[in-house]
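Student: Sharing a structure here in structure tokens format.
Number of protein chains: 2
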Amino acid sequence: MTARPAIEIGLNAVIVAVTDEEPRLLAVHRGDGPGAANELALPSGPLDPAKDRTLELALGGWVREQTGVELGYVEQLYTFGNRFRDPRERLGGPRGISIAYLALVREAPLDGAAGASWRSWYDFLPWEDWRDGRPWVLEREIAPALERWVRRGAGRAAVALRRERADICFGQGGVPWNGERVHDRFELLYEVGLVAEGYRDAPHGTGDAAQGAEALPPVDSGLRLGRPMALDHRRILASALGRLRGKLRYRPVIFELLPGTFTLLLLQRTVEALAGLRLHKQNFRRLVEQGGLVEGTGRLEAGTGGRPAELFRFRRDVLRERPAAGVGLPGLRSGG
Amino acid sequence: MTARPAIEIGLNAVIVAVTDEEPRLLAVHRGDGPGAANELALPSGPLDPAKDRTLELALGGWVREQTGVELGYVEQLYTFGNRFRDPRERLGGPRGISIAYLALVREAPLDGAAGASWRSWYDFLPWEDWRDGRPWVLEREIAPALERWVRRGAGRAAVALRRERADICFGQGGVPWNGERVHDRFELLYEVGLVAEGYRDAPHGTGDAAQGAEALPPVDSGLRLGRPMALDHRRILASALGRLRGKLRYRPVIFELLPGTFTLLLLQRTVEALAGLRLHKQNFRRLVEQGGLVEGTGRLEAGTGGRPAELFRFRRDVLRERPAAGVGLPGLRSGG
DNA sequence: ACACATATTCTCATATTGAGCATAAGAGAG
DNA sequence: CTCTCTTATGCTCAATATGAGAATATGTGT
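Top line first, the protein sequences correspond to chains A and B.
Okay, so the first sequence: first residue is 0 according to numbering that gives the first Met the number 0, each after it adds one.
Okay, so the second sequence: first residue is 0 according to numbering that gives the first Met the number 0, each after it adds one.
Laid out in structure tokens, this is it:
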């Protein structure tokens, strides 16, 4: 038996950019793994404990190698460490601990390196995009399937608990939709078996993979909502989206995704893309302008139809004045 | 050479309770380590990759063993992984990755197990307590030392950068104090050498421990602000306090620290203890009552001086109605 | 000149927040 | 029993923030 490390630290990056009003992430192809070959995955790689000085540096190296992209703003998301999170552990592989990061970049054309590509966020989590109203997939697929799951609860109390959980997660039964609860929603869909990963990872008799509180067999394994990813990468993506939506409120991170100057409409569309909501245009403008987040440059954009818009830039001073300034997403709008 | 793991996953817990209007954490004594013997440390222990099913379970086991305390609400904080974070790495120890958790409990008397004890949070971070106004140590020790550090910057631009950083961290030069920036503040004090750990860990000629952006020798090694802890445990504590202060705003976590029924004053004092601020009593009451966070029980508290206060309980329904409800700490008050 | 499209400015009703006054209800001193 | 002290609770008022939308400005293309 050769000496192999008992533990492997995996580093994963959710690399986000917004282009054409779509939030995108950088994905790579991944041919191995006992599941379906050639799944999409997050750029990732193991830490070399002897060489890598910091986790961020190691991550940046893997991303550079796999996608050619250089990371700027990077933030740690979460560390996942459940046993058998990576099915290779069952085959004698090391215990995998995976540290997920969120990175924000301005989308750059990929130099065709490897199989890296930009993918729309909502291909993976289609129920998160409310920009055109309540998403079809929620109404049509998720709600009925959840209702079946609720009803299948064992006893009155269990049904009530399940209903409360479903209502809170998906904004039903009078509960308002909460854009930041992305991970909770994915987790529920996973447990219920509504996403492909839930079915794939379920204990087909093995018995130990049931890591959730209740070991549920997937009940609606016919549904495959959203595009799946390798391992738990879609779960990581859900964490990232939730975190980013929350962060928008109280930190001016949005400017990491924008060019140096931009129109207020581009700023708004970028926020909307991430928030998955429409905002009231006039009020949004008031918020960012009076909030001191941006300042006009005096220059105008080349006309694209109507009256030309002024170009703005991020007001760096806001970090001194209101260190907790964000673009604040108070309410949602139906129309444009 | 015996087989030793190349990586060790350390699990640390910042276990918080509030008693007598003081936020406390559970600390243990720790006799080893190449530094000062018998330092205070967070309850912690390594993950057993072959046995522990989840990170939380492993953590709970170590905490139980070292303190006898059973964890309830647990939340992951951050994963630290810089090389040589643990100085034993230099002596051939495994690469240490440390995952920090925040746990909230109701303070229970310790059954004398081991050397566990409750310690006031602000013994370690005295500049964070503004309940009696701007803390003395900030005015008297930190501000002047930081000013010296700022002036020592190499060149005009460096001085300006340093000043901005110091101002933002510590609410000087017109910048308002931000209670959540706890970790940034500790980090700055560490780099500048104003806390004992900064001096202890500094590269005394070795040259590789300088992990910050600038490899600063500690400049004010005479000062020892606050009580130090083992390794980077005080940094972890700072992360925990910052996170908890932030979380109070948008999640009703405060009730994890309170008994089932409580007066509004106790609730307020508990929030104040964590926030390190005084709040306006009438407005606080309005906030939590109208916000639907609590409901009266009709019972009164045994008199402790003035008019008896009504006992309230947490309104669990708020989780359905406003899933993002917190106690909101809008502004600070000078008086009581 | 005219329709069209988008940008920008204002207005207005309604919450929310910050601050402080006023009143209520107990305990203890005289 | 009354006065004073103490804490609880209720209420007012101004300032500010938010949600919604009307009105006006300034381009492009016909």
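Don't be surprised by glycine CBs; every beta carbon is placed ideally from N, CA and C.
As the structure is a computational prediction, the values presented were derived from the model and not from experiment.
In the DSSP assignment, what are the bridge partners of Val15 (chain A)?
Tutor: Taking the first residue of the first sequence as 1, we reach residue 15 (chain A) at position 16. Note: Val15 (chain A) sits in a beta bridge opposite A:Leu24 and A:Leu103.
Student: Going along chain B, which residues have a C-beta under 8 Å from Gly80 (chain A)?
Tutor: Locating residue 80 (chain A) in the first sequence gives position 81, counting from the first residue. Those are Ile8, Leu46, Thr53, Leu54 and Ile98, listed as they occur along chain B.
Student: Could you spell out where the alpha helix (DSSP H) holding Trp129 (chain A) opens and where it closes?
Tutor: Counting from one through the first sequence, the residue named residue 129 (chain A) turns up at place 130. Per DSSP, Trp129 (chain A) belongs to no alpha helix (DSSP H) and is neither H nor E.
Student: Tell me the rounded alpha-carbon separation between Glu88 (chain A) and Val62 (chain B).
Tutor: The residue you call residue 88 (chain A) lines up with position 89 of the first sequence. The residue you call residue 62 (chain B) lines up with position 63 of the second sequence. Those two C-alpha atoms are separated by around 27 Å.
Student: Is it right to say Ala49 (chain A) is buried, meaning 16 or more other beta carbons lie within 10 angstroms of its own, or is it exposed?
Tutor: Counted from its first residue, the first sequence places residue 49 (chain A) at position 50. Exposed, since its Cβ has fewer than 16 Cβ neighbours within 10 Å.
Student: Using C-beta distances below 6 Å, list every residue in its chain close to Val317 (chain B), excluding the 5 sequence neighbours before and after it, in chain order.
Tutor: Counting from 1 along the second sequence, the entry for residue 317 (chain B) is found at position 318. Excluding residues within five positions, the ones whose Cβ falls inside 6 Å are Gly291, Leu292 and Ala324.
Student: Compute the beta-carbon to beta-carbon distance between Arg23 (chain A) and Glu106 (chain A), rounded to the nearest angstrom, for a pair I have assumed lies under 8 Å.
Tutor: Within the first sequence, residue 23 (chain A) is the residue found at index 24, counting from 1. Within the first sequence, residue 106 (chain A) is the residue found at index 107, counting from 1. Contact flag correct, Cβ pair sits at about 7 Å.
Student: Tell me which residues share the same chain as Glu255 (chain B) and place their Cβ nearer than 6 Å to its Cβ, disregarding the 5 neighbours each side in the sequence.
Tutor: Translated into positions along the second sequence, residue 255 (chain B) becomes position 256. Answer for Glu255 (chain B): Tyr72 and Leu103, listed in chain order.
Student: With 8 Å set as the bound, which would you pick, yes or no: does the beta-carbon of Ala5 (chain A) sit closer than that to a beta-carbon of chain B?
Tutor: Counting from one through the first sequence, the residue named residue 5 (chain A) turns up at place 6. With 8 Å as the cut-off, Ala5 (chain A) counts as an interface residue toward chain B.
Student: If you reduce the DSSP assignment to three classes, tell me which class Trp338 (chain A) lands in.
Tutor: Outside the modelled stretch of chain A, which goes from 0 to 335, sits residue 338 (chain A), for which no answer is possible.
Student: Leaving out five residues before and five after Gly114 (chain B) in sequence, what residues of the same chain have Cβ atoms less than 7 Å from its Cβ?
Tutor: Taking the first residue of the second sequence as 1, we reach residue 114 (chain B) at position 115. Once the five neighbours on either side are set aside, the close Cβ partners of Gly114 (chain B) are Val27 and His28.
Student: Would you call Thr303 (chain A) buried or exposed, if buried means 16 or more other Cβ atoms sit within 10 Å of its Cβ?
Tutor: Here the question's residue 303 (chain A) lines up with position 304 in the first sequence. That one is exposed.
Student: Rounded to the nearest angstrom, what separates Glu253 (chain B) and Gly67 (chain B) at their Cα positions?
Tutor: Start at 1 with the first residue of the second sequence, and residue 253 (chain B) comes out as number 254. Start at 1 with the first residue of the second sequence, and residue 67 (chain B) comes out as number 68. Correcting the residue identity first, residue 253 (chain B) is Ile in this sequence and not Glu. Straight-line Cα distance between these residues: approximately 23 Å.
Student: Examine chain B for any beta-carbon lying closer than 8 Å to the beta-carbon of Ile235 (chain A), and answer yes or no.
Tutor: Counted from its first residue, the first sequence places residue 235 (chain A) at position 236. No, Ile235 (chain A) lies away from the interface with chain B (no Cβ there is under 8 Å from its Cβ).
Student: Let me know the secondary structure DSSP gives Leu222 (chain A) once reduced to three states.
Tutor: Counting from 1 along the first sequence, the entry for residue 222 (chain A) is found at position 223. Coil, per DSSP.
Student: Restricting to Cα atoms, I'd like to know which of B:Asp166, B:Gly170, B:Gly80 and B:Gly152 is closest to Asp47 (chain A).
Tutor: As a first step, residue 47 (chain A) is located in the first sequence; it is residue number 48 there, counting from the start. With distances taken between Cα atoms, Asp47 (chain A) lies closest to B:Gly80.
Student: At least one CB of chain A closer than 8 Å to the CB of Glu163 (chain B): is that the case?
Tutor: As a first step, residue 163 (chain B) is located in the second sequence; it is residue number 164 there, counting from the start. With 8 Å as the cut-off, Glu163 (chain B) counts as an interface residue toward chain A.
Student: For Arg244 (chain A) versus Glu163 (chain B), is the C-beta spacing smaller than 8 Å?
Tutor: Numbered from its first residue, the first sequence carries residue 244 (chain A) at position 245. Numbered from its first residue, the second sequence carries residue 163 (chain B) at position 164. Cβ atoms of Arg244 (chain A) and Glu163 (chain B): not closer than 8 Å.
Student: DSSP puts Ser43 (chain B) in a beta bridge; with which residues?
Tutor: Along the second sequence, read from residue 1 onward, the residue named residue 43 (chain B) stands at position 44. Ser43 (chain B) pairs with B:Asn11.
Student: Between Leu278 (chain A) and Glu271 (chain A), is the Cβ-Cβ spacing less than 8 Å?
Tutor: Position 279 of the first sequence, counted from the start, is the residue given in the question as residue 278 (chain A). Position 272 of the first sequence, counted from the start, is the residue given in the question as residue 271 (chain A). Yes, these two residues count as a Cβ contact at 8 Å.
Student: Compile a chain-ordered list of the residues in the stretch 308 to 328 of chain A whose CB is closer than 8 Å to at least one CB of chain B.
Tutor: Cβ contacts with chain B: Leu318, Arg319, Glu320, Arg321, Pro322 and Ala323.
Student: If you check the beta carbons only, do Leu41 (chain B) and Arg130 (chain B) fall under 8 Å apart?
Tutor: For the purposes of this step, residue 41 (chain B) is taken as residue 42 along the second sequence, with counting starting at 1. For the purposes of this step, residue 130 (chain B) is taken as residue 131 along the second sequence, with counting starting at 1. It is not a contact, given that the beta carbons lie outside the stated cut-off.
Student: Who pairs with Phe261 (chain B) in a beta bridge, going by DSSP?
Tutor: The residue you call residue 261 (chain B) lines up with position 262 of the second sequence. Answer is B:Phe311, bridged to Phe261 (chain B).
Student: Assuming Thr66 (chain A) is part of the alpha helix (DSSP H), what are its boundary residues?
Tutor: Stepping through the first sequence from its first residue, residue 66 (chain A) is reached at position 67. Start and end: Leu54 to Thr66.
Student: From the DSSP output, in three-state form, read off Gly291 (chain B) for me.
Tutor: Here residue 291 (chain B) corresponds to residue number 292 of the second sequence, with the count starting at 1. Coil.
Student: Whose C-beta lies closer than 8 Å to the C-beta of Ile141 (chain A) among residues of the same chain, with five residues either side of it excluded?
Tutor: Numbered from 1 along the first sequence, position 142 holds the residue referred to as residue 141 (chain A). Excluding sequence neighbours, Ile141 (chain A) sits near Trp126, Phe169, Leu188, Leu193 and Leu224.
Student: Which one or two residues does DSSP pair with Thr78 (chain A) in a beta bridge?
Tutor: Counting from one through the first sequence, the residue named residue 78 (chain A) turns up at place 79. Bridge partners of Thr78 (chain A): A:Ile98.
Student: Within the continuous alpha helix (DSSP H) that includes Gly197 (chain B), where are the two ends?
Tutor: Working through the second sequence from its first residue, we reach residue 197 (chain B) at position 198. Unbroken alpha helix (DSSP H) run through Gly197 (chain B): Ala195 to Asp200.
Student: Which class does Gly241 (chain B) belong to by DSSP, given the choice of helix, strand or coil?
Tutor: Numbered from its first residue, the second sequence carries residue 241 (chain B) at position 242. Three-state DSSP puts Gly241 (chain B) in a helix.
Student: Using a threshold of 8 Å, state whether the C-beta atoms of Arg233 (chain A) and Glu196 (chain A) are closer than that.
Tutor: In the first sequence, counting from the first residue as 1, residue 233 (chain A) sits at position 234. In the first sequence, counting from the first residue as 1, residue 196 (chain A) sits at position 197. Yes. Within cutoff.
Student: Within 8 Å (strictly less), CB to CB, does Asp131 (chain A) reach chain B?
Tutor: Residue 131 (chain A) sits at position 132 when you count from the first residue of the first sequence. It does not; no Cβ of chain B falls within 8 Å.
Student: May I have the straight-line CA-CA distance separating Ala208 (chain A) from Arg226 (chain B), to the nearest angstrom?
Tutor: Here residue 208 (chain A) refers to the residue found at position 209 of the first sequence. Here residue 226 (chain B) refers to the residue found at position 227 of the second sequence. Because Ala208 (chain A) carries a pLDDT of 39, less than 50, the predicted location of this residue cannot be relied on, and no value is offered for it.
Student: To the nearest whole angstrom, what separates the beta carbons of Ala5 (chain A) and Pro93 (chain A), a pair I think is in contact under 8 Å?
Tutor: Within the first sequence, the letter at position 6 stands for residue 5 (chain A). Within the first sequence, the letter at position 94 stands for residue 93 (chain A). At roughly 6 Å, the Cβ-Cβ gap stays under 8 Å, so Ala5 (chain A) and Pro93 (chain A) are in contact.
Student: Quick check: Ala99 (chain B) and Gly178 (chain B), are their CB atoms within less than 8 Å of each other?
Tutor: In the second sequence, counting from the first residue as 1, residue 99 (chain B) sits at position 100. In the second sequence, counting from the first residue as 1, residue 178 (chain B) sits at position 179. The answer is no: Cβ separation not under 8 Å.
Student: Using only the alpha-carbon positions, how far apart do Asp51 (chain B) and Glu190 (chain A) sit?
Tutor: Looking up residue 51 (chain B) in the second sequence gives position 52. Looking up residue 190 (chain A) in the first sequence gives position 191. So the two alpha carbons sit approximately 22 Å from each other.
Student: Alpha helix (DSSP H) containing Trp148 (chain B): first to last residue?
Tutor: For the purposes of this step, residue 148 (chain B) is identified with residue 149 of the second sequence, where counting begins at 1. Ala142 to Arg150 is the span of the alpha helix (DSSP H), which, as asked, contains Trp148 (chain B).
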